[in-house]
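Step one of this worksheet: look at the structure below.
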Amino acid sequence: MLAVLFENFLKRKVLAVQEFTHLLAGSFERAFSPPHYVIDTLVQMDIIGFGSLPIVLLTGFFTGAVLALQTYRTLSTFGEVGLLGEVVALSIVRELGPVLTALMVAGRNSSGIASEIGSMLVSEQVDAMRALGTDPLRKLVLPRLFATLLTLPLLTILSDFFGMMGGYLVSSSTVRLSGEEYWVRAYQALTIQDVTQGMLKPFFFGVTIAAVGCYFGLHTTGGTAGVGRSTTQSVVAASVAILVLDFFITKFLIAIRFF
Amino acid sequence: MALSLSPTPGPARSHEPAIEVSHVGISFEDKLVLLDVSFQVGRGETLVLLGVTGSGKSVLLKLLLGLLKPDSGRILIEGQDLVPLSENELSLVRRRMGIVFQEGALFDSLSVYENVAYRLREERERDEEKIECRVREVLRFVELEDAIDKMPAELSGGMRRRVSVARAIISNPLIMFYDSPTAGLDPVTAHAINVLIAKLRDTQGVSSIVVTHRLQDAFVLSNYVFSPEKQGLVAARTDGRSGRIDPTRFLVLRDGKVYFHGTREEFVLAQDTYLRKFLI
Ligand SMILES: Nc1ncnc2c1ncn2[C@@H]1O[C@H](COP(=O)(O)OP(=O)(O)O)[C@@H](O)[C@H]1O
Ligand SMILES: [Mg+2]
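Printed below as a string of C-alpha cells:
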C-alpha cells in the first residue's frame, strides 16, 4: 500500500519535472522567432522589476546592517575591526545579495505570476486566447521570463549597494570606523571573480522565478481554490529551487577553478 | 488576413459538412470522457448539444477547436483534419471558428474595446481606424456599442457573453461554438442571447454548436428565425412554402457516446425514458 503510494508520488514528481523542462524548452525555442510581445514584456518589467524595488532595497539595507553588527562582535575579539568593510562586501556581493533578492522577488512574483495565470486558466481565458490564435507560451510565459531575467540582475546590483550602505551606516555609527576605511577595504577586497559570480546567479534565479510561477499557474486544477494552492506551491518551489541552485552554481564555479 | 468591413455570408464552397467527427475518443489520466463519438454538422446547421454535467460537452468543443487532441478518431473542419496539425497550423484553421465560453472568458485586464479588437491585433492589423470601425460594427451587432470603454468587471453576465460573441465574430467565422451561453442568466437576457445566435445563423449563414441545459432555448432556435426587418425573431414558416427546412439537430451525449442524434420531431416524439428526462 505504502509502496504504491510512494511510487505514484514519484511518478507525479518525475512527470512534473518533465513538464517543467518542456515548458522551458518550448519557451526557449519560441524566444528566437516572432511574434514577440514587447509591450507585455515592458509591462511585466514594470510590475516585477520596479514593483519589487522597495522590498528589495529594504531587505538589502537591513541585511548589510545586521551583518555589520554581527561581524563586528566577532572581529572585535580578534582586534580586526578594520576588516569590517571587507567581510560585509564579500558576503553581500557573493551570496546574500543575489540569494536574498531572488528570495524576495520569488515571494512576491512567483506567487503573482502563478495566481494571475492560474485564474486566467480556470476562467478559460487561456483557452480563449488559444482559440483567438495566440500561443500562451509567447504571450504569457515569455514576457514574464524576459522581464525577470532582465530586471533581477539590476535589482541585485541595487540591493548589493544598499546592503553595503547599511553596513557602512552601522560601522560609522556603532563602530566609529571612518568612511574611508570601510569603503576602501570593501573595494579592495572585491575581485572580478566575486562580482562575476554574484552577477551570474541572478540570471539563473530570474529564469527560475518566472518559470516556476508560470508552471504552477498553467497547471492549476480545481477552480479558484486551486489558484490559491498553486500560488503557495510556486513560492515554496521557487524558494527551494533558488537555494539548491545557488549551492550547485557555487560548487560548479569552484570545480572549474573559477576562483 | 484581409479585413472586410462588412461581414459576408459564408459561402457554401463545397458539399463537405462544416464539421465531421468520426470515432473520437479522449481520456484524462484514467478517466474516459469520450469513448466513440461520431456526427456531422452541415453548413448553416445548428447542433444543440445536450448531456448531463460532466458528460464531456465542453471537452468536445475544445476538441473541435483543436485546443485538445483526441486519443483516437478524426475531426474534420470543412474537410480539413485537425488532429495531425501543429499549433501554428491550427491557428489558421481557428480563424474560421469562434467560441463563446460559459462565463464569457473575457480578458480581465483589457477593456471591452481591446477584448473585441484582440484578434485583429493578433493578425497584425495596424490601421487603428480600421480596427475601431470594425470593433464598433460588431459591438453594434450585439447591441453593446455603449459599453466600448468599460472593463469586463463592470459588465453584467449577459453583457459579458455578448461581448464574448462580438470578440468571436470579428473575423467573420463560418463556425461558432457556444458553451452554455444562457446558463445562469435571467429569461430576458437569455432570450437576447438566443436572438443573437439566430441572427448570426440567419444573416451570416454561420454553422453552430450550442451546448445548453435549457431546452426552451433549443426550441426557440429551431422554431424561430431572425427577421432583419423586425430586428427580432419571427416564427419560422413550416408550411414548406418558404422553402426553409429547420436546420436544427439535437445530439445527446451519454457515457462517452452519442446517445441520440436527430431532428426536433424525432427528439420530441422519442419514447426513450432517458431522453424524456431532458424534455420535462
Ligand atoms: N483538462 C482536463 N483534465 C482532466 N480532466 C478533465 C479536463 N477537462 C475535462 N475533464 C473531465 O472531463 C469530464 C467532462 O468535462 P466537461 O466536458 O467539462 O463536462 P460538461 O459536459 O459538463 O461540459 C469531467 O469529468 C472533467 O472532470
Ligand atoms: Mg461544460
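Protein chains in written order, with the working numbering: chain W, 1 to 259; chain R, 260 to 539.
In this text, a Cβ means the ideal position worked out from N, Cα and C, and glycines have one as well.
task = Report yes if the CB atom of His472/R is closer than 8 Å to the CB atom of Ser439/R, and no otherwise.
result = yes
key: Euclidean distance between Cα positions of Ile92/W and Phe6/W   = 41 Å
Paired residues, beta bridge with Asp295/R - DSSP = Lys516/R
message = Give me the chain W residues within the contact set of Ser350/R, using Cβ-Cβ distance strictly less than 7 Å, ordered along the chain.
response = Near Ser350/R (Cβ distances below 7 Å), the residues of chain W are Gly133.
query = Of the choices Lys290/R, Gly325/R and Phe287/R, whose alpha-carbon is the least far from that of Val280/R?
reply = Gly325/R
message = On the DSSP bridge list, what partners appear for Gly491/R?
response = Beta-bridge pairing links Gly491/R to Ser486/R.
request  = With distances taken Cα to Cα, identify the nearest neighbour of Tyr215/W among Arg185/W, Ala241/W and Val141/W.
outcome  = Checked all of Arg185/W, Ala241/W and Val141/W; the closest Cα to Tyr215/W is Val141/W.
query = Considering only residues of the same chain and omitting the five flanking positions on each side of Arg30/W, which have a CB-CB separation below 8 Å?
reply = Only Asp135, Leu137, Arg138 and Leu142 meet the Cβ criterion.
request  = Determine the DSSP secondary structure at Asp160/W, reduced to helix, strand or coil.
outcome  = helix
message = Going by beta-carbon coordinates alone, are Val493/R and Val484/R separated by less than 8 Å?
response = yes
message = Would you say Ala210/W lies against chain R (beta-carbon separation less than 8 Å)?
response = no
task = Give the secondary structure of Gln70/W by DSSP, where H, G and I count as helix, E and B as strand, and everything else as coil.
result = helix
ask   = Should Lys575/R be labelled buried (16 or more other beta-carbon atoms within 10 Å of its own) or exposed?
value = Residue 575/R lies beyond the residue range present for chain R, which begins at 260 and ends at 539; the question has no answer from this structure.
inquiry  = For Glu362/R, would you say it is in contact with chain W, using Cβ-to-Cβ distances shorter than 8 Å as the test?
reply    = At least one chain W Cβ lies under 8 Å of Glu362/R.
request  = Taking the CB atoms as reference points, tell me whether Ala425/R and Val375/R lie closer together than 8 Å.
outcome  = Against a cut-off of 8 Å, the Cβ pair of Val375/R and Ala425/R comes out as a contact.
task = Could you confirm whether any beta carbon from chain W is found closer than 8 Å to the beta carbon of Glu381/R?
result = yes
inquiry  = Strictly under 8 Å for the Cβ-Cβ distance: is Gln18/W near chain R by that measure?
reply    = no
ask   = Whole-angstrom Cβ separation of Ala238/W and Gly213/W, contact assumed at under 8 Å?
value = 7 Å
message = Which of the three DSSP states is assigned to Phe478/R in this structure?
response = helix
request  = Provide the residue(s) that pair with Ser467/R in DSSP beta bridges, ordered along the chain.
outcome  = The bridge partners DSSP lists for Ser467/R are Thr305/R and Met435/R.
query = Does the beta-carbon of Phe400/R have 16 or more other beta-carbons within 10 angstroms, so that it is buried, or is it exposed?
reply = So Phe400/R counts as buried.
request  = Check whether the region 102 to 115 of chain W touches the region 50 to 63 of chain W, taking contact to mean three or more Cβ pairs, one atom from each stretch, closer than 8 Å.
outcome  = Below 8 Å, enough C-beta pairs join the region 102 to 115 of chain W and the region 50 to 63 of chain W to call them touching: three or more.
task = Compare the Cα-Cα distances from Lys458/R to each of Gln475/R, Gly491/R, Ser481/R and Ala442/R and report the closest residue.
result = Gly491/R
task = Could you name the residues of the same chain whose beta carbon sits closer than 6 Å to that of Arg354/R, not counting the 5 residues immediately before and after it, in chain order?
result = Ser430
message = Given 7 Å as the limit, tell me if Lys316/R has its C-beta closer than that to any heavy atom belonging to ligand 2.
response = At least one heavy atom of ligand 2 lies less than 7 Å from the C-beta of Lys316/R.
ask   = So, is the C-beta of Arg354/R closer than 8 Å to a C-beta in chain W?
value = yes
CB contact flag (Leu150/W, Met1/W, <8 Å) = No.
inquiry  = Please tell me whether, using a cut-off of 7 Å, the distance from the CB of Asp438/R to the nearest non-hydrogen atom of ligand 2 is below it.
reply    = yes
task = Spatial neighbours of Leu538/R within its chain, please: CB distance less than 6 Å, with the 5 preceding and 5 following residues excluded, ordered by chain position.
result = none
key: Residue(s) in a DSSP beta bridge with Val280/R   = Phe298/R and Ile334/R
Sequence-distant residues of its chain with Cβ nearer than 6 Å to Gly499/R (five each side left out) = The predicted model places Gly499/R with a pLDDT of 48, which falls under 50 and marks its position as unreliable; any figure quoted below should be read in that light. Excluding sequence neighbours, Gly499/R sits near nothing in its chain.
inquiry  = Between Asp127/W and chain R, is any beta-carbon pair separated by less than 8 Å?
reply    = It does: the Cβ of Asp127/W has a partner Cβ on chain R nearer than 8 Å.
message = Here's the rule I'm using: 16 or more other beta-carbon atoms within 10 Å means buried, otherwise exposed. How should Ile278/R be labelled?
response = buried
message = Would you call the region 279 to 293 of chain R in contact with the region 240 to 255 of chain W, where contact means no fewer than 3 C-beta pairs closer than 8 Å?
response = Inter-segment contact for the region 279 to 293 of chain R and the region 240 to 255 of chain W is absent: fewer than three beta-carbon pairs are separated by less than 8 Å.
inquiry  = Using a 10 Å radius around the Cβ and a threshold of 16 neighbouring Cβ atoms, would you call Asn8/W buried or exposed?
reply    = exposed
Lys13/W, buried or exposed, once every other Cβ within 10 Å from all chains shown has been counted against 16 = Burial call: exposed.
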